[in-house]
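J.: Following this message is one structure expressed as structure tokens.
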Amino acid sequence: MKESSKFNLRLLAFEVTKACNLACKHCRATAQVLPSEDQLSFDEAKELIKDLPKTGDPIIIFTGGEALLREDIFDLIEFAYSCKIKSVLSSNGTVIDKKIAEKIKNSPLKRVAISLDGHNKKLHDDLRGVEGAFDRALEGINYLKEKNVPFQINTTITKSNMNYLLDMYKFVESIGAVAWHIFLLVPTGRGKELKEEIVSSQDYERILNLFYDLRKKSKLQFKATCAPQFYRILRERAREENLKVDFKTFGLDAVTRGCLGGISFCFVSHNGIVQPCGYLELNCGNIRERDFYSIWKESEIFNILRDYSKYKGKCGKCEYIKVCGGCRARAYYIKGDFLEEEPLCPYIPKGIRNGRDR
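Following our numbering, the numbering of the sequence shown begins with 128 at its first residue and continues without gaps.
Below, the structure written as structure tokens:
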């Protein structure tokens, strides 16, 4: 039975395995060649999925590692469908062949997300850690296109590729994607070794303004992830252009929030640990010890995240707190406190600018 709440779950990312065939430098999961011995069993995963309708009407993102390396992945997708849960699949694309593309086509999946971090081999393969990853991902995409399976492209933005975003945008359009989601690097997992690849706050603003400009003229669906400031910038730019921020003009961007971790989104690891998001490694409970619905509703960390009065620094004083919130994971890994201000945001809230809080 669903419970009506402003904190209903909208999206859940389920890390079905840590196994992966790539060695991405920025990997959140610190993925490995073989599955972990403590990976959730099929029956344990089913218990998680069965619990989801109680939390609202969420979409489940099957991710990894490389989700397609889990042998029972399509059984899990079918089970989610039997529970009336919409699902999408996140993949690096390299393991998709004709047979798998056919399975995807015949499954209830609504979309496949393919990770591409550049519009050419060098940019993508350098970050993905395996030569040929770009070509193999494009092969996988072509198999999906042959089966008319909708796909989106996910791009992690670092200093290495940030100056090629216009090229990347044109490339994503040219290959027939339905959406482009950008992710601003969070230094967690293997990404801890890439701190020098984190963009500056000034580049962050420039990138998100470019993203705003591109979304206005494109038929692609756009989404900025791990970049909550986009929802402030969207409102600033809309005000400049005398546009109303509503669903008609801006679609879901008008009604969503920047950082969703613990508010309408959460992450479940391969071994059952529930976290606000995949990048914020705070243990909010384990589904092996407690049912997911109880964790979602009662976790102390989730309830702290839902109380904006507890946010610190500029974020706590910002007039955009309800639509942005700052990246809690970036605050945690750079400042050591998930409630601290977003380290990469240059915006000065009105209250501070007006001298009421110095």
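All C-beta atoms, glycine included, are put in the ideal place defined by N, C-alpha and C.
Please report the straight-line C-alpha distance between Gly318 and Ala354, rounded to a whole angstrom.
T.: Residue placement at Gly318 is flagged as unreliable, the pLDDT there being 47, under the threshold of 50; a coordinate-derived value is accordingly withheld.
J.: If I measure Cβ to Cβ from Leu250 and keep anything under 6 Å in the same chain, skipping five residues before and after, which residues do I get?
T.: Hits under 6 Å: Asn288.
J.: Can you give me the C-alpha to C-alpha distance between Tyr460 and Pro314, rounded to a whole angstrom?
T.: 7 Å
J.: Short check: CB of Val372 to CB of Arg362, under 9 Å?
T.: yes
J.: With DSSP run on the structure shown, which of helix, strand or coil describes Phe134?
T.: Reduced to three states, the DSSP call for Phe134 is coil.
J.: Thinking Val326 and Leu311 are a contact (beta carbons under 8 Å), I'd like their distance in whole angstroms, please.
T.: About 7 Å; that satisfies the 8 Å criterion.
J.: State the DSSP-derived secondary structure class of Gly318, mapped to helix, strand or coil.
T.: Bear in mind that the predicted position of Gly318 carries a pLDDT of just 47, short of 50, making it too unreliable to give a figure here.
J.: Going by CA-CA distance only, name the one from Arg480, Tyr447, Phe134 that's closest to Gly385.
T.: Tyr447
J.: State the DSSP-derived secondary structure class of Phe465, mapped to helix, strand or coil.
T.: coil
J.: Count the other CB atoms, across all protein chains shown, that sit within 10 Å of the CB of Asn275; report buried if there are 16 or more and exposed otherwise.
T.: By the Cβ neighbour-count rule, Asn275 is exposed, with fewer than 16 other Cβ atoms within 10 Å of its own.
J.: Out of Tyr291, Arg366, Cys451, which has the shortest C-alpha to C-alpha gap to Asp330?
T.: Distance check between Asp330 and each of Tyr291, Arg366, Cys451 places Tyr291 closest, using alpha-carbon atoms only.
J.: Grouping DSSP H, G and I as helix and E and B as strand, with all else coil, what is Lys346?
T.: coil
J.: What does a CB cutoff of less than 8 Å around Glu229 pick up in its chain, not counting 5 residues either side in sequence?
T.: In chain order, Lys274 place their CB closer than 8 Å to the CB of Glu229, counting only its own chain and leaving out the 5 sequence neighbours on each side.
J.: Can you tell me which residues form a DSSP beta bridge with Phe394?
T.: Ala140, Gln402
J.: What residues are listed by DSSP as bridge partners for Arg238?
T.: Val215
J.: With distance defined between alpha-carbon atoms, name the residue in Arg197, Lys211, Asn398, Gly192 nearest to Val185.
T.: The sequence shown places Pro at residue 185, not Val. Comparing Cα-Cα distances from Pro185 to each of Arg197, Lys211, Asn398, Gly192, the minimum goes to Lys211.
J.: Using three-state DSSP, classify Ile227 as helix, strand or coil.
T.: helix
J.: Going along the chain, which residues of its own chain have a beta-carbon closer than 6 Å to the beta-carbon of Arg415, five neighbours each way excluded?
T.: Gly399
J.: How many angstroms separate the CA atom of Val305 from the CA atom of Asn481?
T.: Distance from the CA atom of Val305 to the CA atom of Asn481, rounded to whole angstroms, is 43 Å.
J.: Hey, could you find the ends of the alpha helix (DSSP H) His251 is sitting in?
T.: 248-255
J.: Do you know how far the Cα of Asp294 is from the Cα of Asn247?
T.: Those two C-alpha atoms are separated by around 10 Å.
J.: Tell whether a beta-carbon distance below 9 Å holds between Ile431 and Leu466.
T.: yes
J.: For His397 versus Ser209, is the C-beta spacing smaller than 9 Å?
T.: no
J.: Thinking C-alpha only, which one of Gly267, Glu323, Gly389, Thr352 is nearest Leu335?
T.: Thr352
J.: Along the beta strand (DSSP E) that carries Thr283, what are the first and last residues, could you check?
T.: Counting along the chain, the beta strand (DSSP E) containing Thr283 begins and ends at 278-284.
J.: Quick check on DSSP: helix, strand or coil for Ala351?
T.: strand
J.: Quick one: give me the first and last residue of the alpha helix (DSSP H) that Ala264 is part of.
T.: 260-273
J.: So the candidates are Val222, Ala381, Thr376, Gln356; which of them puts its Cα closest to the Cα of Lys344?
T.: Residue nearest to Lys344 within the set Val222, Ala381, Thr376, Gln356 is Thr376 (criterion: CA-CA distance).
J.: Within a Cβ cutoff of 6 Å, which residues of the same chain sit near Lys213, ignoring the five residues on either side of it in sequence?
T.: Ile186, Lys237
J.: With a threshold of 6 Å on Cβ separation, who are the neighbours of Gln203 within its own chain once the five nearest residues in sequence on each side are excluded?
T.: Note that residue 203 is Leu in the sequence shown, not Gln. Excluding sequence neighbours, Leu203 sits near Ala172.
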